[in-house]
Structure formats: structure tokens, C-alpha cells
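Note that my numbering has the sequence shown beginning at 11, numbered continuously upward.
Heads up, the beta-carbon is just placed ideally off N, CA and C, and yes, glycines get one too.
Each remark here refers to the structure printed beneath this line.
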Amino acid sequence: MLALEARLPRIRRAPALAVALIGPGRVGRALLDRIARQAPADWALQAIIDSRWTYRPSHDDGCWTTDARNLTKRQPHELARLPELLCHRASDRQVIIDTTASQEVAACHGQWVRQGIDLVSANKLALADDGPDWPLLIEAVREGRYGASATVGAGLPVIDSLNRLHAAGETVTEIRAVLSGSLSLICERIDNGWAPAQAVQEAGMRGLSEPDPRSDLSGLDVARKLVILARLAGVPLQLSSIRQQSLVPEPLKGIELSEIVSRLREFDADILAAFEPLGRDDGDSRVLYQARLESNGIGRAGLQSVNRQDPMARISDVDNRIEIRSDCYESSPLVIEGPGAGVEVTALALWSDLVRISRCEKSGR
Numbered sequence: 011m012l013a014l015e016a017r018l019p020r021i022r023r024a025p026a027l028a029v030a031l032i033g034p035g036r037v038g039r040a041l042l043d044r045i046a047r048q049a050p051a052d053w054a055l056q057a058i059i060d061s062r063w064t065y066r067p068s069h070d071d072g073c074w075t076t077d078a079r080n081l082t083k084r085q086p087h088e089l090a091r092l093p094e095l096l097c098h099r100a101s102d103r104q105v106i107i108d109t110t111a112s113q114e115v116a117a118c119h120g121q122w123v124r125q126g127i128d129l130v131s132a133n134k135l136a137l138a139d140d141g142p143d144w145p146l147l148i149e150a151v152r153e154g155r156y157g158a159s160a161t162v163g164a165g166l167p168v169i170d171s172l173n174r175l176h177a178a179g180e181t182v183t184e185i186r187a188v189l190s191g192s193l194s195l196i197c198e199r200i201d202n203g204w205a206p207a208q209a210v211q212e213a214g215m216r217g218l219s220e221p222d223p224r225s226d227l228s229g230l231d232v233a234r235k236l237v238i239l240a241r242l243a244g245v246p247l248q249l250s251s252i253r254q255q256s257l258v259p260e261p262l263k264g265i266e267l268s269e270i271v272s273r274l275r276e277f278d279a280d281i282l283a284a285f286e287p288l289g290r291d292d293g294d295s296r297v298l299y300q301a302r303l304e305s306n307g308i309g310r311a312g313l314q315s316v317n318r319q320d321p322m323a324r325i326s327d328v329d330n331r332i333e334i335r336s337d338c339y340e341s342s343p344l345v346i347e348g349p350g351a352g353v354e355v356t357a358l359a360l361w362s363d364l365v366r367i368s369r370c371e372k373s374g375r
């Protein structure tokens, strides 16, 4: 009997989850470590895609893997073929994880959702874009088909909180928030007398800022996050309509990325000029880069002088703080506060969304 069993082919159930990850950078690698350590045996890592290549399992022998080291077959990356790769072998559901800041990848999100593929994303560009796909993607977030916890607050429960308020029929009347861990750090350091170039370099060394620090200093990253929060709250805010303050001096805009760090100190005085009118040397207040969705639906993002008695002024280092006012939270806002940047907390947010999607019943679509 044992000999007969040994001759029978092994029959293995299709995996519960077929996963592809785009962007194996610092956050992507931290997430892959979690997948290798914690993923159930019936998850399959089908592809890892970087800016040039797609890595796949070397042997199509039915051996599912959650170990990225087993993905050694390399071919030029084709985002259009990613759904085909995920569906190459049967699985209960397919998930694409986007840890990039790529517009090319973000432009595919709507198509993938329409194809019935679930997404987990740290890429803000798709949800904050003014194009035609954002209502579809916001609805996918509400339905649990699109994990977006890492797009705002590095996993703080702000997305979930807005989803619950919206599902309960609450009208969000105002959002006031500090939404950038890197700008929180930079503003705090400048408040304490640091040169802007020194503060920006520290944010980069700690992995808090984008590869191009101008993305943070321009306020565009904050504006995108505010758009996502507003849309989840039911306010159809457009990115193009936000009144956004940039801290990037005009001469700095035309410099090559490779020269930014070495030449940033040349523009310290220009950046400090934006802080001076706000009384950064006044011991009774501090300067924060703050985002605000006002009751009339207008969005703003820029430097604000905040009295040190204000709870918003007590955030430190890389913290984010989001205050949400609604019908039931009018006199005292719903407050969410904690680390708003960092590789590990962002990877944890992505992992949590991935686990949640794996446990949800797949809807017919």
C-alpha cells in the first residue's frame, strides 16, 4: 500500500493567495521578510518586479513558494502581463502589492481592479489622481478590495476610521492634520535652530523622505494624502484645487537629482525665509506643515504657526496627527496620532492589509 501511494502523483490544492510585489526597495524588502516568516503555506509569491525586470519561479513544477530567493527566472518587466502571470496557475484570489511611487504603476490600478485583482498599495498617486479612475478605486477601498492603509499615516488607523464613519452615514465637516513624517522632522529641527539642509539630510538618512527631497518640500506628498482622506470622507476634492505651499526655492527646481544633496545648503536662506514670518523664534508657538479640509470643501496645505498649548503642537519627531470632525465628533474631534513614516511601520501596514484581504470572502465581480 505504501509503495502504491509513493507512485501516485502529489495533488496539492491551489493556493489561497497568489501574490505579486512591485517595488522591492526598502519597504518592499521588509514586507518580503514578513511574507517569508509569517505567510501561510498556501500563499504563493508569483512575481517580484523592479524597474527593469520581473522575477518568477524558475520551475513550473507546482511548488508554491513564499521565499523571494526562489524567484530567479528573469525577464524584462511588463506590467500589462502581470495579471496573466498571477493567473498562470489556479488560485483562490490574486493580489498585487505596489510599494512604488511610480505613475506608470499607479495608472494600472484601475485596470487591475476591473479585472478582479485585489490591490495592496503604498503608492498614493492612483487614489489622489484627478483622472477618471479614482471613484472606482475609492469604492474598492471601501469594499476591502484595495488595501490603502500605507498611503496615509504609514498604517495609522485613519483609512479604517474614515471608512467606518462613511459607512455609518456620518458627515465629515473638517479634517486638520500633520501628514508628513519627514516634514514633521524637518520643521522640528528648523524650529530648534538646525539648517534646513541638515534637517533634510537627516530625514533622508532615516529613510523618511522620498528619494527626491523636493517631493516632500513641495508639499505635494501632503496634498495627495489630504485628497485621499477627503475622498474617503465623501468630499470629491481635486488635487489641482488644493491651495498648496511649496518650500522648494525656484532655483532648486531645475537642478538634477544627483546634485540636490550637495547643493541643498546653498538654499538654506531661501527655505528659512518661509519660516520667518510665522515666528519660529517665538517660544509660545511652533511651525508645522499642516493640511486642512475646511467645512466648505476647500483643501489647504502649508506652514502654520501653532500655539504650543494646541495638542497639534505637541507631536514630535516623525509623528502624524489627524483630527476629524463630523456630526458626532463636532465639539471634540476624533484624533489619530502616531509614527507617520518609517520602513517597518509602512511594511506592517501593507502586511496587515494583505492578511485582511486573504481573510475576506471573494466577492463576485
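Any non-hydrogen atom of the ligand SAM within 7 Å of Val-105 CB: The ligand SAM is not among the ligands present in this structure, which contains no ligands whatsoever.
Beta-carbon contacts of Ser-228 that lie in its chain and below 6 Å, excluding the five residues immediately before and after: On the sequence shown, residue 228 is found 218 positions in, with the first residue counted as 1. Hits under 6 Å: Ser-256 and Val-258.
Gly-293 versus Cys-197: straight-line alpha-carbon distance, rounded: Counting from one through the sequence shown, the residue named residue 293 turns up at place 283. Counting from one through the sequence shown, the residue named residue 197 turns up at place 187. If I take the Cα positions, the gap works out to 15 Å.
Per-residue DSSP class, three states only, for Trp-63: By 1-based counting over the sequence shown, the position of residue 63 is 53. Of the three classes helix, strand and coil, the one that applies to Trp-63 here is strand, per DSSP.
Nearest-angstrom beta carbon gap, Val-123 and Leu-146 [assumed within contact, 8 Å]: To locate residue 146, count along the sequence shown from 1; it is residue 136. To locate residue 123, count along the sequence shown from 1; it is residue 113. That pair is a contact at about 6 Å.
Alpha-carbon spacing of Cys-370 relative to Leu-364, whole angstroms: Along the sequence shown, read from residue 1 onward, the residue named residue 370 stands at position 360. Along the sequence shown, read from residue 1 onward, the residue named residue 364 stands at position 354. Distance between the alpha carbons of Cys-370 and Leu-364 is about 10 Å.
Ala-136 vs Ala-150 beta-carbon contact at 8 Å: Working through the sequence shown from its first residue, we reach residue 136 at position 126. Working through the sequence shown from its first residue, we reach residue 150 at position 140. No, they are not a contact pair.
Proximity to Pro-2 [Cα-Cα], best of Arg-273, Gly-157, Glu-220 and Leu-195: This structure leaves residue 2 out entirely; the chain is present only between 11 and 375.
Local conformation of Arg-375 per DSSP, three classes: In the sequence shown, counting from the first residue as 1, residue 375 sits at position 365. With a pLDDT of 46 at Arg-375, under the threshold of 50, the modelled position of this residue cannot be trusted; read the value that follows with caution. DSSP places Arg-375 in coil when its eight states are reduced to three.
Simplified DSSP state of Gln-113, which is helix, strand or coil: Taking the sequence shown and counting its residues from 1, the one referred to as residue 113 is at position 103. Three-state result, Gln-113: helix.
Ala-263 versus Asn-330, Ser-250 and Pro-223, residue with shortest Cα-Cα distance: Counted from its first residue, the sequence shown places residue 263 at position 253. One detail in the question is off: residue 263 reads as Lys in this sequence, not Ala. Per the Cα distances, Pro-223.
Paired residues, beta bridge with Gln-319 - DSSP: Residue 319 sits at position 309 when you count from the first residue of the sequence shown. DSSP lists no partner for Gln-319.
C-beta atoms of Ile-238 and Ala-111 nearer than 8 Å: Position 228 of the sequence shown, counted from the start, is the residue given in the question as residue 238. Position 101 of the sequence shown, counted from the start, is the residue given in the question as residue 111. Not closer than 8 Å, so no.
Delimiting residues of the beta strand (DSSP E) encompassing Arg-302: In the sequence shown, the residue the question calls residue 302 occupies position 292. Looking at the DSSP string, the run of the beta strand (DSSP E) that includes Arg-302 is 295-303.
Contact check, Ile-32 vs Thr-82, beta carbons under 8 Å: Here residue 32 refers to the residue found at position 22 when the sequence shown is read from its first residue. Here residue 82 refers to the residue found at position 72 when the sequence shown is read from its first residue. For Ile-32 and Thr-82, no; Cβs fall outside 8 Å.
Residue from Gly-163, Asp-170, Ala-164 and Glu-269 whose Cα sits closest to the Cα of Ile-148: Position 138 of the sequence shown, counted from the first residue, corresponds to residue 148. When only C-alpha atoms are compared, the closest one is Asp-170.
Alpha carbon of Arg-47 to alpha carbon of Gln-121, nearest angstrom: The residue given as residue 47 occupies position 37 in the sequence shown. The residue given as residue 121 occupies position 111 in the sequence shown. Roughly 31 Å between the two C-alpha positions.
Coil, strand or helix - Ser-336 by DSSP: As a position in the sequence shown, residue 336 is number 326, starting the count at 1. The answer is strand: DSSP assigns Ser-336 an E or B state.
Given Ala-125 as reference, the closest of Ala-132, Glu-180, Arg-155 and Thr-183 once Cα atoms are compared: Taking the first residue of the sequence shown as 1, we reach residue 125 at position 115. At residue 125 the sequence reads Gln, which differs from the Ala that was named. That would be Arg-155, whose Cα lies nearest to the Cα of Gln-125.
Nearest neighbour of Val-29, chosen from Trp-53, Ile-252, Ala-40 and Leu-41 [CA to CA]: The residue labelled residue 29 in the question sits at position 19 within the sequence shown. When only C-alpha atoms are compared, the closest one is Trp-53.
Range covered by the beta strand (DSSP E) that runs through Asp-128: Locating residue 128 in the sequence shown gives position 118, counting from the first residue. Where Asp-128 is concerned, the enclosing beta strand (DSSP E) stretches over 128-131.
Candidates Pro-86, Gly-157 and Glu-180: closest to Tyr-339 by CA position: Locating residue 339 in the sequence shown gives position 329, where the first residue counts as 1. Ranking the options by Cα distance to Tyr-339, first place goes to Glu-180.
Nearest-angstrom beta carbon gap, Ala-213 and Gly-352 [assumed within contact, 8 Å]: Counting from one through the sequence shown, the residue named residue 352 turns up at place 342. Counting from one through the sequence shown, the residue named residue 213 turns up at place 203. Contact flag wrong, Cβ pair sits at about 11 Å.
As assigned by DSSP and simplified to three states, the class of Thr-161: Start at 1 with the first residue of the sequence shown, and residue 161 comes out as number 151. Reduced to three states, the DSSP call for Thr-161 is helix.
DSSP state of Pro-19 mapped onto helix, strand, coil: Translated into positions along the sequence shown, residue 19 becomes position 9. Any reading at Pro-19 must be qualified, since the residue scores a pLDDT of 44, below 50, and its modelled position is unreliable; no value is offered.
Reduced DSSP secondary structure (H/G/I, E/B, other) of Val-237: The sequence position of residue 237 within the sequence shown is 227, counting from 1. It is helical.
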